Amino acid sequence: MDGKGWNTWGEGVAFGLENGMAVIPYALLKYYRKLNLTGSESMLLIHLLSFRQVEGIDFPSLEELQAVTGRSIPVIAGELQKLMKEGFISIDGDNDELRDIHYERYNFSGLYAKLGAYLAELSRENAQEKPGQSGREPGARAVAHHSGATAPGGGYGRPAVPGDKESEDGRSLFSIFEKEFGRPLSPMECESISGWVDEDRYPEELILLALKESVFAGKLHFRYIDRILLEWARNRVKNAQDVKAYSQKFRGGGR
628 MDGKGWNTWG EGVAFGLENG MAVIPYALLK YYRKLNLTGS ESMLLIHLLS
678 FRQVEGIDFP SLEELQAVTG RSIPVIAGEL QKLMKEGFIS IDGDNDELRD
728 IHYERYNFSG LYAKLGAYLA ELSRENAQEK PGQSGREPGA RAVAHHSGAT
778 APGGGYGRPA VPGDKESEDG RSLFSIFEKE FGRPLSPMEC ESISGWVDED
828 RYPEELILLA LKESVFAGKL HFRYIDRILL EWARNRVKNA QDVKAYSQKF
878 RGGGR
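Structure follows, in C-alpha cells:
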C-alpha cells in the first residue's frame with residue numbers, strides 16, 4: 628500500500644471512529660466517586676450506555692458485558708445488583724404483540740436524576756460561597772443525600788463497602804444459582820434474586836432451600852422458585868426447621 632492508500636485507510640478509520648462514538652455524561656466521569664461509585668461500576672454504566680448508543684443493544688447479556696470488561700460474570704452480576712439496588716439503573720419490560728416477543732431494556736433515569744441532583748447542589752453551594760471561594764464541591768452530608776452514602780453524624784443510608792458481608796452474600800447466591808442452572812444468569816434473573824433479598828427480605832437460607840426444592844421437583848426455573856417462596860411466606864415458614872415441618876405436614880395431607 629502506498630502513502631496515498633494509507634492516508635485513505637486512515638481517513639476511513641477516522642470516519643468509523645467518529646460515527647461509532649458513544650455520548651457519555653461528563654458529570655459521570657468527573658463526579659462518579661461523589662455518587663459512591665467505584666471506577667469499575669462507573670465503567671460498567673459507560674458500557675451499558677455504549678451498547679445502547681453504538682450497537683443498538685438495550686439489554687446486553689452478562690456474557691457480552693464480560694467480553695468488554697474482562698471481569699467475571701459473578702462480579703458483573705454483583706455490580707449490576709448494586710446499581711439497581713441504589714437506584715442508578717432499573718429494568719423496563721415490554722411486549723411486542725405483533726411478534727409475540729417479551730423484551731427488556733435498561734433504564735438510566737435514576738443515574739441522570741442523581742447526577743442532576745448533585746450538579747444542582749453544587750451550583751447552589753457555589754452561589755452561596757463568598758467571592759473567590761467558588762468551585763467547592765458539596766460537603767459530605769449533601770453528597771451522602773444524593774448518593775446514598777452515610778453522612779457524618781447520621782445518615783441517608785449505608786455506603787456500599789467492598790467486602791461488605793451483604794454484598795458477598797449476594798454474590799455467593801448468584802454463584803450458587805449459576806452452578807445449579809449450569810449457565811450464567813440473565814440480568815432479569817439477577818434482578819429476581821436481588822428482589823428476594825432486598826425487597827421481600829427472604830433469608831439467604833430460605834432462598835437456597837427453595838432452589839433445592841425446585842431441583843428435587845425437576846422444575847428448575849425462577850417462577851417455580853418464586854412460587855415456593857410465596858407459599859412459605861404465606862405459611863410463615865422462615866427457616867430450615869420450618870421448611871422441614873411444613874413439608875412433613877404437606878406430605879401428610881395436613882395442609
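Here the sequence shown is numbered in this note's numbering, starting from 628 and rising by one per residue.
Built from N, CA and C at the ideal position, the CB exists for glycine as well.
Note that this is a predicted model, so its numbers are computed, not measured.
Identified DSSP bridge partners for residue i
i       : result
Ile-728 : Asp-723
Ile-673 : Looking at the DSSP assignment, Ile-673 forms no beta bridge with any residue, so it has no partner.
Ser-717 : Asn-734
Coarse secondary structure for residue i, derived from DSSP in three states
i       : result
Ser-802 : helix
Ser-841 : helix
Met-815 : helix
Tyr-851 : helix
Ala-867 : helix
Gly-790 : Residue placement at Gly-790 cannot be trusted, given a pLDDT of 44 that sits under 50; what the coordinates show is reported in the next sentence. Note: Gly-790 maps to coil in three-state DSSP.
Asp-827 : coil
Val-650 : coil
Leu-692 : helix
Ser-699 : coil
Ala-664 : Note that residue 664 corresponds to Leu in the displayed sequence, not to Ala. Correct three-state label for Leu-664: coil.
Glu-807 : helix
Gly-683 : coil
Where residue i falls, given that 16 or more other Cβ within 10 Å makes a residue buried
i       : result
Tyr-730 : exposed
Gly-667 : Reading off the sequence shown, one finds Ser at residue 667, where the question assumed Gly. Exposed is the call here.
Val-681 : exposed
Ala-776 : Because Ala-776 carries a pLDDT of 43, less than 50, the predicted location of this residue cannot be relied on, and no value is offered for it.
Gln-708 : buried
Ile-728 : exposed
Gly-683 : exposed
Leu-671 : buried
Ser-736 : exposed
Ser-874 : exposed
Lys-712 : buried
Glu-706 : buried
Tyr-745 : buried
Glu-818 : buried
Lys-871 : exposed
Tyr-653 : exposed
Closest Cα partner of residue i within the set the options
i       : options                            : result
His-848 : Ile-820, Asp-719, Lys-871, Lys-657 : Ile-820
Val-702 : Lys-712, Met-711, Leu-689          : Leu-689
Ile-803 : Glu-826, Phe-735, Glu-831          : Glu-831
Phe-678 : Leu-710, Asn-734, Gly-720, Ser-841 : Asn-734
Ile-834 : Ala-860, Glu-713, Ser-717          : Ala-860
Pro-814 : Ser-669, Asp-685, Val-650          : Asp-685
Ile-718 : Gly-822, Ile-651, Leu-838          : Gly-822
Leu-710 : Glu-756, Ser-669, Ala-740, Leu-676 : Ser-669
Closer than 9 Å to chain B by CB, residue i
i       : result
Asn-734 : In the structure shown, chain B does not exist; there is a single protein chain.
Inset, instruction - Say whether the stretch 649-666 touches the stretch 690-699, bearing in mind that this needs 3 or more beta-carbon pairs closer than 8 Å, one atom from each stretch. - result: At 8 Å Cβ cutoff, the stretches do not touch.
Inset, instruction - Mind the definition here: the stretch 744-753 touches the stretch 848-857 only if three or more C-beta pairs lie below 8 Å; say whether that holds. - result: Below 8 Å, too few C-beta pairs join the stretch 744-753 and the stretch 848-857 to call them touching: fewer than three.
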